[in-house]
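Okay, structure first, notes after.
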Amino acid sequence: LAKTTQPISMDSYEGQEVNITCSHNNIATNDYITWYQQFPSQGPRFIIQGYKTKVTNEVASLFIPADRKSSTLSLPRVSLSDTAVYYCLVGDGQTGFQKLVFGTGTRLLVSP
Amino acid sequence: GAVVSQHPSWVICKSGTSVKIECRSLDFQATTMFWYRQFPKQSLMLMATSNEGSKATYEQGVEKDKFLINHASLTLSTLTVTSAHPEDSSFYICSALGQASQPQHFGDGTRLSIL
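Note that the protein sequences, when read in sequence, are chains Z and D. The opening position of the first sequence corresponds to residue -10 in our numbering, with each subsequent residue numbered one higher. The opening position of the second sequence corresponds to residue 1314 in our numbering, with each subsequent residue numbered one higher.
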């Protein structure tokens, strides 16, 4: 299972763009990159998933360089409600991301 | 989007009792469900993988006789914490997997407090 490394915490202010980078040096050919958001006392919520280049949805963008050894989650114009823990995970897309291994996650604090 | 419902959301019980937690996939069939445990300020730790119609696969260090898992249908998996003790107090979260290449979808967790 590919291990991921991400910053323990980040601070930002409302309205700013936040970029959280995740390192996954041992990512396998079939692995996809998935990001989840977790609020206190709630289960993780799926944000975005990608394999290579760039993926964008209504809440975030995911940038993946050609070597796929890292990825960056970009949150445009964050608000106070974006304060949460963000997890980066890699998993085999062909087997449906079996056995996800959660790392420490990045605790994002958005201030007024 | 895919919805996973977990019940109850919060339970308090006396030491020695057994507690059952349900995990349901509401709008898709889940061939595989996962059970996690999360202690305060820590990350999620996978406890077991549950496949419909077969025995669950437990992670190393997780007692299968302590944490009974049943996955009798494609939309329901249950976790029973047997003879619960205060050290079993934690936040238990399930997730469900539908089609391959799709991400896991998580329930909102169950806060278990053993007195």
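Here a beta-carbon is modelled for each residue, glycine too, at the ideal position from N, C-alpha and C. It should be emphasised that the depicted structure is a prediction, and the values quoted were computed from it without experimental measurement.
Note that the C-beta distance between D:S1331 and D:T1395 is below 8 Å. Between the stretch 91 to 99 of chain Z and the stretch 1317 to 1331 of chain D, the count of C-beta pairs closer than 8 Å stays below three; the two stretches do not touch. Looking at the DSSP output, Z:D20 bridges to Z:D81. Separation of the CB atoms of D:Q1351 and D:L1359 is rounded to 11 Å, and the pair is thereby denied contact status at 8 Å. Considering only beta carbons, the part of the stretch 1356 to 1380 of chain D lying closer than 7 Å to chain Z consists of S1356, L1357, L1359 and T1362, in chain order. One finds Y25, Q27, Q31, G32, P33, R34 and F35 in chain Z with Cβ atoms closer than 9 Å to the Cβ of D:F1419, taken in chain order.
For the pair of segments examined, the stretch 1389 to 1407 of chain D was found to touch the stretch 1363 to 1381 of chain D: the number of CB pairs separated by less than 8 Å reaches three.
Around the beta carbon of Z:S100, fewer than 16 other beta carbons lie within 10 angstroms, which makes this residue exposed. Between D:R1350 and chain Z, the shortest Cβ-Cβ separation is not below 8 Å. Rounded to the nearest angstrom, the gap between the Cα atoms of Z:A49 and D:S1338 is 25 Å.
Sixteen is the threshold: since fewer than 16 other Cβ atoms of the shown chains lie within 10 Å of the Cβ of Z:D56, the residue is exposed.
Listed along chain D are Q1355 and S1356, each with a C-beta nearer than 9 Å to that of Z:T93. Judged by their CB atoms, Z:Y40 and Z:L78 are not nearer to each other than the 8 Å cut-off. Across the set D:A1343, D:S1403, D:K1368 and D:T1370, the C-alpha of D:A1343 shows the shortest separation from the C-alpha of D:L1389. Z:Q38 has a beta carbon lying within less than 8 Å of a beta carbon in chain D. CA-CA distance, Z:Y75 to Z:Y21, rounds to 17 Å. For D:Y1405, the enclosing beta strand (DSSP E) stretches over residues S1403 to L1410. Counting only Cβ-Cβ distances below 8 Å, D:R1424 has contacts in chain Z at S30, in chain order. Interface annotation, Z:K88: in contact with chain D, CB-CB separation under 8 Å.
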